[in-house]
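Chains as they are written, first to last, in this note's numbering: chain A, 1 to 346; chain B, 1 to 346; chain C, 1 to 346; chain D, 1 to 346. Note that beta-carbon positions come from the ideal geometry of N, C-alpha and C, so glycine has one too. Below is one structure, written out as structure tokens; the observations come after it.
There are 4 protein chains.
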Amino acid sequence: MVGASGYAGAELMRLLSGHPALRVVHATADSNAGAPVGRLYPSLGAAYPDLVLAAFDPEAVAGADVVFLALPHGESQRIAPGILGRVGHVVDLGADFRLPADTYARWYGAEHGAPELLDSFAFGIPELFAAEIEAAEHVASPGCYPTAAALALAPLVADGMVEGSGLTVDAMSGISGRGRGLSAASLFSEAADDVTAYGLLDHRHTGEIEFALAQVARKRTATGVSPPEVLFTPHLVPAVRGIFATCHARPAVDGLSTASLLDHYRRFYEGCRFVEVLDEAPHTKATSGSNVAHVTVRVDERTGRVLALAALDNLGKGAAGQAVQNANLLLGLPEDAGLGSVGLWP
Amino acid sequence: MVGASGYAGAELMRLLSGHPALRVVHATADSNAGAPVGRLYPSLGAAYPDLVLAAFDPEAVAGADVVFLALPHGESQRIAPGILGRVGHVVDLGADFRLPADTYARWYGAEHGAPELLDSFAFGIPELFAAEIEAAEHVASPGCYPTAAALALAPLVADGMVEGSGLTVDAMSGISGRGRGLSAASLFSEAADDVTAYGLLDHRHTGEIEFALAQVARKRTATGVSPPEVLFTPHLVPAVRGIFATCHARPAVDGLSTASLLDHYRRFYEGCRFVEVLDEAPHTKATSGSNVAHVTVRVDERTGRVLALAALDNLGKGAAGQAVQNANLLLGLPEDAGLGSVGLWP
Amino acid sequence: MVGASGYAGAELMRLLSGHPALRVVHATADSNAGAPVGRLYPSLGAAYPDLVLAAFDPEAVAGADVVFLALPHGESQRIAPGILGRVGHVVDLGADFRLPADTYARWYGAEHGAPELLDSFAFGIPELFAAEIEAAEHVASPGCYPTAAALALAPLVADGMVEGSGLTVDAMSGISGRGRGLSAASLFSEAADDVTAYGLLDHRHTGEIEFALAQVARKRTATGVSPPEVLFTPHLVPAVRGIFATCHARPAVDGLSTASLLDHYRRFYEGCRFVEVLDEAPHTKATSGSNVAHVTVRVDERTGRVLALAALDNLGKGAAGQAVQNANLLLGLPEDAGLGSVGLWP
Amino acid sequence: MVGASGYAGAELMRLLSGHPALRVVHATADSNAGAPVGRLYPSLGAAYPDLVLAAFDPEAVAGADVVFLALPHGESQRIAPGILGRVGHVVDLGADFRLPADTYARWYGAEHGAPELLDSFAFGIPELFAAEIEAAEHVASPGCYPTAAALALAPLVADGMVEGSGLTVDAMSGISGRGRGLSAASLFSEAADDVTAYGLLDHRHTGEIEFALAQVARKRTATGVSPPEVLFTPHLVPAVRGIFATCHARPAVDGLSTASLLDHYRRFYEGCRFVEVLDEAPHTKATSGSNVAHVTVRVDERTGRVLALAALDNLGKGAAGQAVQNANLLLGLPEDAGLGSVGLWP
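See below:
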């Protein structure tokens with residue numbers, strides 16, 4: 001594991017401590033090299049009594065069956081060339097290999113550093129792209145916002161039921177989504193009892209949401225609906241974990257109803273162990289610590305709108321859980337090895 | 001004060017304990033009659049050592065300069081006929097006198113019980129309807145969601161800058177918005193670390209939001225834009241106080257920009273001590289315990305949408321604070337008597 | 001499982017959903033009979049899609065390998081006579097079978113209803129009473145406060161290192177310790193941002209703490225130190241889960257030091273997979289969702305006091321986790337089957 | 001105001017914005033010099049639209065009626081010599097002028113930098129040392145832990161009712177007590193849902209607690225009881241504000257009862273507007289945002305112990321509120337000018 005000191009890395013360690021087939025043999029964290037993992041995360045000390053974080057060294061990860069990268073934006077594309085041929089598979093939890101080079105450049109304001117490697121990565125939302133993942137060498141495992149928004153809207157977009165333009169996603173994230181980096185806005189005393197929005201109009205995950213939906217539309221729709229265009233507004237709410245996505249769309253076909261769409265969602269996600277379609281509004285708490293996503297949908301006949309909601313754990317299905325799920329697929333293991341679907345409630 | 005045992009009542013008591021011109025002489029709470037107020041709210045014991053809650057009795061409130069009603073839906077229309085002629089003014093914090101009789105019947109599914117009294121109540125958002133309030137005998141002081149949504153959208157709607165149809169309001173409320181009633185969903189262990197949505201498609205405050213915006217549009221716009229039609233989705237987030245409203249609209253005119261709309265908002269709210277237009281996204285925490293609302297606005301040129309945000313304290317500007325502000329106007333006192341604009345941060 | 005609708009019951013369901021050898025075949029909850037478990041706890045719906053809560057019926061549980069009772073005080077002693085001979089083992093998470101009849105009567109103010117059954121129950125803290133548990137038919141699994149206090153103080157008391165009199169335990173509990181019952185004090189809006197104490201001087205768990213420590217002392221100490229006498233003060237803090245116990249004692253022997261006591265604790269808990277002795281102060285968060293307890297100890301040479309600290313998850317090691325651990329012992333399964341030692345951090 | 005960027009400084013600004021006789025004319029914050037105060041604290045922008053934080057310059061504060069210092073430990077003694085003769089009064093919220101030079105050196109591990117100034121500062125807990133404060137030029141306003149512990153124990157110590165040795169104080173602090181400095185332990189994602197202890201055995205505020213109690217004992221007691229010796233264990237709990245102190249003592253006289261001690265406390269604090277003696281256990285929430293402290297006391301006849309409890313807002317009565325109270329006394333203003341006694345509940 002490369003980048004074990006962040007929250008996604010810590011959650012990966014937690015999940016892998018109970019995984020039947022995977023074992024953490026090496027963990028790196030440049031800024032904390034030399035520290036036992038239990039010093040950074042007291043929760044992990046008992047399960048990893050002897051694991052000391054190392055500085056990254058491509059030699060040390062060579063030969064691993066799977067390498068998880070949980071690094072800040074830009075780091076994965078820097079080190080990937082040095083390890084891709086020397087390990088079984090890479091599951092990248094960062095943003096570096098999720099977008100085509102041109103889309104990446106548009107949203108990140110810089111050319112991609114290793115565009116030749118992009119084709120070896122699948123976009124890792126297994127419920128939408130399982131075949132691509134199983135066929136791929138590596139996976140770029142998307143984060144919490146794109147996963148939540150894509151799971152909420154995919155059944156609508158896939159079959160051209162809604163207009164691609166005019167989609168809006170108002171998403172609420174727990175504070176752990178800001179990571180372990182130090183900033184006043186992440187302090188308990190500032191974030192508690194507060195709700196705010198950020199990244200207005202130009203949050204980078206907008207690109208991933210649009211890309212995921214466009215891929216879904218391309219796979220399933222025969223003819224040209226307008227391409228997905230999303231106004232994405234992320235919010236911070238005083239929970240540690242959880243993403244809640246509230247999405248609005250305009251119907252592109254007649255006759256949609258709440259009942260028909262709930263049926264459609266259930267068929268769309270049939271066989272998906274980690275997506276549950278609910279009649280009621282979902283709760284992030286029901287997904288906490290698990291790899292499950294809860295979704296529902298409504299048609300508002302009064303205003304002529306479709307409302308799609310999704311809840312998941314930003315560190316679970318939105319990060320480490322999905323990464324393990326992707327690793328399971330890459331390695332031919334049961335999709336749910338080491339993963340649970342019961343959230344911590346209360 | 002009638003209905004002192006709920007959270008809006010408690011916040012009124014807190015505010016009035018420091019009001020220069022108003023003094024609580026009588027407080028009722030039927031289910032807690034006989035209890036000293038400090039037993040219900042230990043915070044209030046020191047300020048009201050001798051105040052014992054009484055059962056409601058119209059005789060006991062007769063002659064008061066102003067009576068605040070903070071009652072469950074339906075109660076105000078039941079008792080109003082018995083007190084309206086016998087007190088100086090009534091400020092009703094409930095929903096009973098905010099809507100015309102027909103709109104009320106549509107959203108509440110029942111005929112109004114005292115429609116003949118509706119005309120004596122002004123709709124109490126002072127920043128939008130100050131003249132009406134000052135001219136009125138009584139005020140129906142709107143609650144947190146309509147106040148937040150109306151303050152966010154009013155400058156757009158007032159001058160026909162956005163389409164009336166297709167408005168969406170995704171609002172996040174602290175748990176105190178659910179009141180002091182006992183339910184599993186209000187328990188700390190259930191609400192903490194959770195985000196959910198509720199009242200999907202048909203929350204009753206939708207009617208008030210549409211009504212407030214329609215009144216604003218009528219006052220200012222010459223010609224016919226489509227009447228405001230709002231898809232309102234309330235959410236619960238694990239904060240005690242605070243409402244954050246994220247509103248989407250489609251421009252009805254050309255050439256809008258973020259800069260021009262921020263200017264427009266600043267002019268619109270010029271002289272309003274309790275609405276502050278910010279360049280940045282607002283924080284509910286900055287308004288906590290105060291009577292201030294913070295708003296901002298954006299134009300997204302990429303998707304052709306307008307985004308308007310508002311934050312306020314649901315018990316302050318969204319309930320008790322606004323009620324005091326309305327009482328001040330009714331009584332000819334300074335608008336900010338007893339009210340602050342500094343939130344509790346941290 | 002009898003009493004599945006409370007928080008301990010829900011946590012049991014969560015743990016058992018991943019247990020390799022136990023499967024929930026029947027769950028009762030009188031007040032919610034007929035409800036699918038996922039309606040009470042949305043987190044459990046995916047794992048138990050077909051489980052409907054039943055009213056309690058001794059016939060329905062007859063023949064089970066193990067029955068977990070998670071009932072309000074007094075209920076277990078009422079139903080135990082009807083099921084004890086008809087099931088493999090009972091693990092009672094309630095207070096009914098933890099104390100000798102006379103001690104029970106003193107703290108609960110009523111005679112015990114089934115004193116003849118008390119001998120068939122072992123006091124279920126495996127790290128202190130493993131032999132008794134393995135030899136017993138049934139287990140009375142103690143709750144969060146006694147488990148935390150006993151694990152913190154046992155190594156001191158066991159070998160007569162501290163005076164039995166003059167022990168104090170100041171414990172802080174997350175709000176889930178109050179259970180799912182409805183009361184204003186359990187509401188998010190009241191419990192958030194609050195710290196308080198309760199049960200001053202006479203909390204019933206005092207009796208269990210003293211009993212557990214007396215049993216520990218009796219097992220290990222040759223001669224008569226004063227019997228354990230504890231002033232126990234529970235507090236509520238705004239966390240969902242977690243118990244933190246801060247215990248004070250006076251040395252009964254000379255020459256104690258922090259280093260020597262840490263060594264002593266490590267030897268005392270050697271081989272205990274679920275008690276970890278830390279050099280630093282423990283964090284409840286490090287234990288959240290797990291079955292682990294973290295303890296440490298200090299000697300204050302300035303004031304001549306010993307300070308012992310313990311942290312655990314009140315629903316994990318303090319309730320459902322310990323119950324599963326006890327069931328594992330009764331059934332001859334690996335002690336840690338279905339149990340983890342990594343807390344949810346963040 | 002010198003040191004306006006920390007939480008105590010921000011709370012001072014909040015309180016002073018509503019003070020009838022004091023006005024903030026200058027505010028410094030070296031690391032944020034040049035920033036409008038509303039950028040650091042959006043809550044303050046509306047009240048101080050034109051206030052820009054300055055670098056500290058003794059010239060700029062010269063002539064002020066009162067200067068509040070809210071600086072990190074060590075800073076006050078460095079700048080005090082340059083301003084003490086040039087301003088009316090100084091109220092120091094830091095630790096620099098609270099202890100005699102020798103006690104200071106023992107707890108802070110360094111010689112005091114300006115011992116000649118110590119005599120001009122009174123120890124600023126008005127309820128215990130009002131005469132000294134009114135007679136003093138300046139005040140060293142103690143912080144949250146010493147204020148809470150001293151108010152809880154003073155009535156016992158003052159009249160020799162308890163032994164000086166063997167006192168213990170287990171205190172729980174909200175996270176704002178850690179200040180605005182950036183550290184992982186202060187992050188929302190780490191502090192939420194966590195309880196821990198810190199500063200075991202040697203927290204520096206122990207010296208202030210012992211000093212305050214010794215001063216109280218000296219003022220009131222004729223003969224020699226053992227000097228106060230305190231084992232102080234601070235804890236962090238996931239609230240923003242609030243200190244809860246749970247104190248244990250051994251009676252030094254016979255015949256104490258809960259009733260007699262409650263009477264004694266009420267007489268001791270008679271006339272104190274900001275200390276309320278309760279029959280029940282106090283709640284920090286009842287004091288939030290106010291300058292009030294709530295205390296109660298119990299005698300445990302079973303174990304022969306006295307239990308004293310106090311709750312207050314660490315930024316209110318434990319910092320900025322008490323500083324304003326002290327300034328009022330120094331300036332001959334009403335003690336409660338600008339201060340409230342009603343906490344924010346909910």
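In or out: residue i buried (at least 16 other Cβ within 10 Å) or exposed?
i                        : result
alanine 4 of chain B     : buried
glutamate 11 of chain C  : buried
proline 81 of chain B    : exposed
valine 253 of chain A    : exposed
alanine 222 of chain A   : Unreliable placement is indicated for alanine 222 of chain A, whose pLDDT of 44 sits below 50; no coordinate value is reported for it.
arginine 98 of chain D   : buried
proline 423 of chain D   : The displayed coordinates of chain D run from 1 to 346. Any statement about residue 423 of chain D would go beyond what the structure contains.
glutamate 127 of chain C : buried
valine 2 of chain C      : buried
serine 31 of chain A     : exposed
valine 324 of chain B    : buried
Might you give, ordered along the chain, the residues of its own chain that have their beta carbon closer than 6 Å to the beta carbon of residue i, omitting 5 neighbours on each side?
i                       : result
alanine 191 of chain A  : Ile175, Pro238
aspartate 65 of chain D : Gly88
alanine 320 of chain C  : Ala8, Glu11, Leu12, Leu15
arginine 298 of chain A : Thr258, Leu307
Looking only at C-alpha atoms, which of the options sits nearest to residue i?
i                            : options                                : result
threonine 168 of chain C     : D/His205, D/Arg250, D/Ala259, D/Asp254 : D/Arg250
alanine 327 of chain D       : D/Asp57, D/Ile133, D/Gly74             : D/Ile133
histidine 235 of chain A     : A/Ser43, A/Pro227, A/Phe244            : A/Phe244
glycine 109 of chain A       : A/His73, A/Phe211, A/Ala252            : A/His73
histidine 19 of chain C      : C/Glu335, C/Ala136, C/Thr246, C/Pro346 : C/Glu335
serine 226 of chain D        : D/Val157, D/Val277, D/Glu280, D/Phe274 : D/Val157
arginine 218 of chain C      : C/Ala46, C/Phe129, C/Leu315            : C/Phe129
cysteine 272 of chain D      : D/Ser341, D/Val297, D/Ala323           : D/Ser341
tyrosine 48 of chain C       : C/Gly316, C/Leu262, C/Ala55, C/Val37   : C/Val37
glycine 63 of chain B        : B/Leu261, B/Tyr265, B/His26, B/Ala95   : B/His26
phenylalanine 121 of chain B : B/Ala135, B/Gly6, B/Arg204             : B/Ala135
Under three-state DSSP, which class holds residue i?
i                        : result
valine 87 of chain C     : coil
valine 52 of chain C     : strand
alanine 212 of chain D   : helix
histidine 112 of chain C : coil
histidine 205 of chain D : helix
histidine 26 of chain A  : coil
arginine 106 of chain A  : helix
arginine 98 of chain A   : coil
arginine 305 of chain A  : strand
For residue i, go through chain B and note every residue whose CB falls closer than 7 Å to its CB, in chain order.
i                        : result
glutamate 127 of chain D : Within chain B, no residue comes near glutamate 127 of chain D; the closest Cβ sits about 14 Å away, beyond 7 Å.
Residues of chain D with CB closer than 7 Å to the CB of residue i, please, in chain order.
i                     : result
valine 240 of chain B : Pro346
serine 341 of chain B : Ala46, Ala47
Using a Cβ cut-off of 8 Å, pull out every chain D residue sitting near residue i, in sequence order please.
i                      : result
leucine 201 of chain C : Arg298, Asp300, Arg302, Leu307
At least one CB of chain G closer than 8 Å to the CB of residue i: is that the case?
i                     : result
valine 237 of chain A : Structure shown: chain G not included; protein chains present are A, B, C and D.
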